[in-house]
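Under my numbering, the letters of the sequence shown match residues 1 to 191, in that order. Glycine included, each C-beta is placed from N, C-alpha and C at the ideal position. The structure presented is a predicted model; accordingly, all values stated were derived computationally and were not measured.
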Amino acid sequence: MTERLFVSPRGDGFAWLVLDNATGIVRVRGEGTADELGQAARGVQVPAILVVPAEYVLLTRASIPSRQQRQLLQALPYAVEEQLAADVEDCHFAVGPRAEDGSVSAAVIETTLLAGWLERLDACGVSVEQALIDVLQVPRVQGSTLLVDGDRCLVRTGPTAGFGIDTALVPMAIALLPEDQKSSLAILVHP
1 MTERLFVSPR GDGFAWLVLD NATGIVRVRG EGTADELGQA ARGVQVPAIL
51 VVPAEYVLLT RASIPSRQQR QLLQALPYAV EEQLAADVED CHFAVGPRAE
101 DGSVSAAVIE TTLLAGWLER LDACGVSVEQ ALIDVLQVPR VQGSTLLVDG
151 DRCLVRTGPT AGFGIDTALV PMAIALLPED QKSSLAILVH P
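Here is the structure:
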């Protein structure tokens, strides 16, 4: 039986679930401190997937002519610098795929925030293999997809674009979507 451990930061703790890959059944689900997560994950012998809340990540695009990965990584921070609330030196940058127009998608997060989560997980015996952004896991229908999950809402607006907001802001978020995305907006509600 192959299982996957998914972990997501929640306030000072974490939410987690263990998914059986073969059946799609959630074997264990919980929320609590890092120590409680460590106890719950003791029987799972696979690296975890960190699911990062979209509220902590800037998903953006940049026009960088170079196709060499090294040059791309050097230029990206300065290409998106104007969009950041923190200094480029304090951010971690992940490069995504290139679009047809040549622009590159990117995800940016504050390094100390990401490192803090990883350190806390490592301290409780959970090793992280991969980090994913929650909004990019929302199924994308034709236009945009809006997922309501309790007091959070994830809005996926493209293959590598989206954001997370408080549900109280949903009407404003919908109003700001381009007309073509409003007309084809799919709304999902998590029970």
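For the alpha helix (DSSP H) that I174 lies in, which residues bound it at each end? Here the question's residue 174 lines up with position 174 in the sequence shown. V170 to L176 is the extent of the alpha helix (DSSP H) around I174.
For T60, three-class secondary structure by DSSP: Position 60 of the sequence shown, counted from the start, is the residue given in the question as residue 60. Strand, per DSSP.
Contacting residues, own chain, Cβ-Cβ under 6 Å from A15 (five flanking each side not counted): In the sequence shown, residue 15 corresponds to position 15, counting from 1. Cβ neighbours of A15 beyond the five flanking positions: S8 and E31.
Strictly under 8 Å for the Cβ-Cβ distance: is G164 near chain B by that measure? Included in the structure is just one protein chain, with no chain B present.
Classify R4 as helix, strand or coil using the three-state DSSP reduction. The count along the sequence shown starts at 1 and reaches residue 4 at position 4. Here R4 sits in strand by DSSP.
Please check the pair V88 and V95, which I expect to be a contact at CB under 8 Å, by giving their CB distance rounded to whole angstroms. Residue 88 sits at position 88 when you count from the first residue of the sequence shown. Residue 95 sits at position 95 when you count from the first residue of the sequence shown. 14 Å between Cβ atoms; not a contact.
Since I believe V138 is in contact with G102 (beta carbons under 8 Å), could you give me their beta-carbon distance rounded to a whole number of angstroms? Position 102 of the sequence shown, counted from the start, is the residue given in the question as residue 102. Position 138 of the sequence shown, counted from the start, is the residue given in the question as residue 138. With a Cβ gap of about 26 Å, G102 and V138 do not count as contacting.
At 3 residues or longer, what runs of the beta strand (DSSP E) sit wholly inside the region 52-113? 58-62, 91-98 and 104-110
So if DSSP puts E31 in a beta bridge, which residue, or which two residues, is it bridged to? Walking along the sequence shown from the start, residue 31 turns up at place 31. The partner list for E31 (beta bridge, DSSP) reads A15.
Member of R152, Q45 and Q39 whose CA lies at the smallest distance from the CA of T2: The residue labelled residue 2 in the question sits at position 2 within the sequence shown. Comparing Cα-Cα distances from T2 to each of R152, Q45 and Q39, the minimum goes to Q45.
Q130 versus V52: straight-line alpha-carbon distance, rounded: The residue labelled residue 130 in the question sits at position 130 within the sequence shown. The residue labelled residue 52 in the question sits at position 52 within the sequence shown. So the two alpha carbons sit approximately 10 Å from each other.
Under the three-state reduction of DSSP, which class applies to G164: helix, strand or coil? Position 164 of the sequence shown, counted from the first residue, corresponds to residue 164. Of the three classes helix, strand and coil, the one that applies to G164 here is strand, per DSSP.
I'd like to check one pair, G164 with A54: are the Cβ atoms closer than 8 Å? Against the sequence shown, residue 54 aligns to sequence position 54. Against the sequence shown, residue 164 aligns to sequence position 164. Yes, these two residues count as a Cβ contact at 8 Å.
Quick one: what's got a C-beta closer than 6 Å to L50's C-beta in the same chain, skipping five residues either side? The sequence position of residue 50 within the sequence shown is 50, counting from 1. So the list reads V7, V128 and A131, once near-sequence residues are dropped.
Who are the near neighbours of T33 in its chain, counting only those whose CB is closer than 7 Å to its CB and skipping five residues on each side? The residue you call residue 33 lines up with position 33 of the sequence shown. The answer, listed in chain order, is G13.
Give the secondary structure of V138 by DSSP, where H, G and I count as helix, E and B as strand, and everything else as coil. Indexing the sequence shown from 1 puts residue 138 at position 138. Reduced to three states, the DSSP call for V138 is coil.
Decide if A194 is buried, meaning its Cβ has at least 16 other Cβ atoms within 10 Å, or exposed. Here the chain has residues from 1 to 191 only, and residue 194 is not among them.
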